[in-house]
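Trainee: For reference, the structure I am asking about is given below.
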Amino acid sequence: MKRILLLVNVLCFTVLFSSAQVNLTQIGKLSYNQNLSDVWGYATGANEYALVGANAKFSIVDITNPGTPVEIFSEPGPPSTWRDIKVWNDHAYVIHDSPSGGASGVGLLIVDLSPLPQSTTLTTTYYTGTTYPFSQCHNIFIDENGILYLFGADNGVGGCIMYDLTNPTAPVELGQWDEYYVHDGMVRGDTLWASCISNGFQ
């Protein structure tokens, strides 16, 4: 038994330390004159794009040639420390949050990515809710069924607001869980896991 435990320990440490020996080489860089808070990806055919959340804008960068990234689109927005992005069915969903509450919000930015790469003229839509109106939000998640979740919006205590994205530019409100402020969360099937800062993991 001691030999088996020794072998298991040796194998665990070997795997642990061998996986830490990764060498990375930077092959491209794009500088911004403002802070960045998030990055997400989008691909269509052979073309790849980085979707970047910057302090005062949403930016799309063509990274098809990763050695020479090029910004091809940007949409200005209120200054924000947090600008988070997710993609569903050729549409980017972008939220922003102002830590001081000083910046006026514009709600959820929806960007139609389907014209890429033939055109970089992209249609934008802003959505601020109906039953659960909001102007800014801290985080966003989209599950495998096309349900969008907003976390930490300026509605109620900042819980979770849920939307159906069947019509990608006109989300349909499904409901709200607003017992605690939700900083971030994820959903699988019919279960939401929520990080509620001082109220723990729900």
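Take the sequence shown: its position 11, counting from 1, is numbered 10 in numbering that gives the first Met the number 0, and each next residue is one higher. Every residue gets a Cβ at the ideal spot worked out from N, C-alpha and C, and that includes glycine. Nothing here was measured: the structure is a model prediction, and the numbers come from that model.
For V93, is the classification buried or exposed, using 16 other Cβ atoms within 10 angstroms of its Cβ as the cut-off for buried?
Mentor: buried
Trainee: Would you list the one or two residues that DSSP bridges to I84?
Mentor: Note: I84 sits in a beta bridge opposite V93.
Trainee: With a threshold of 8 Å, are at least 3 pairs of Cβ atoms found where one atom belongs to the segment 157 to 167 and the other to the segment 123 to 138?
Mentor: Look at the beta carbons and you see the segment 157 to 167 touching the segment 123 to 138: at least three pairs across the two are nearer than 8 Å.
Trainee: In the DSSP assignment, find the unbroken beta strand (DSSP E) run with D37 in it and report its ends.
Mentor: 35 to 43
Trainee: Quick check on N144: does DSSP put it in helix, strand or coil?
Mentor: coil
Trainee: Which one or two residues does DSSP pair with A193 in a beta bridge?
Mentor: DSSP lists G184 as partners of A193.
Trainee: Please name the residue or residues paired with T124 in a DSSP beta bridge.
Mentor: I109
Trainee: Could you give the DSSP three-state label for N198: helix, strand or coil?
Mentor: helix
Trainee: Taking the straight line between their C-alpha atoms, what separation do you get for A169 and I84?
Mentor: 17 Å
Trainee: Who are the Cβ neighbours of I196 in its own chain at under 7 Å, not counting the five residues just before and after it?
Mentor: Y180, H182
Trainee: Got a sec? Which residues, its chain only, sit under 6 Å from F72 by beta carbon, not counting five neighbours each side?
Mentor: I59, T119, L121
Trainee: Report the partner residues of A53 according to the DSSP bridge assignment.
Mentor: L35, K56
Trainee: What residue from T127, W81, G40 has the CA that sits closest to L108's CA?
Mentor: T127
Trainee: Can you grab the Cα-Cα spacing for the pair D89 / I146, in whole Å?
Mentor: 15 Å
Trainee: Can you tell me where the beta strand (DSSP E) holding Q175 begins and where it ends?
Mentor: Counting along the chain, the beta strand (DSSP E) containing Q175 begins and ends at 171 to 176.
Trainee: How about S113 and T80: do their beta carbons lie closer than 8 Å?
Mentor: Not closer than 8 Å, so no.
Trainee: Please state whether DSSP places V69 in a helix, a strand or coil.
Mentor: strand
Trainee: Can you tell me whether F150 is helix, strand or coil according to DSSP?
Mentor: strand
Trainee: Taking the beta strand (DSSP E) that I62 belongs to, which residues open and close that run?
Mentor: Neither: I62 is in no beta strand (DSSP E) and is coded neither H nor E.
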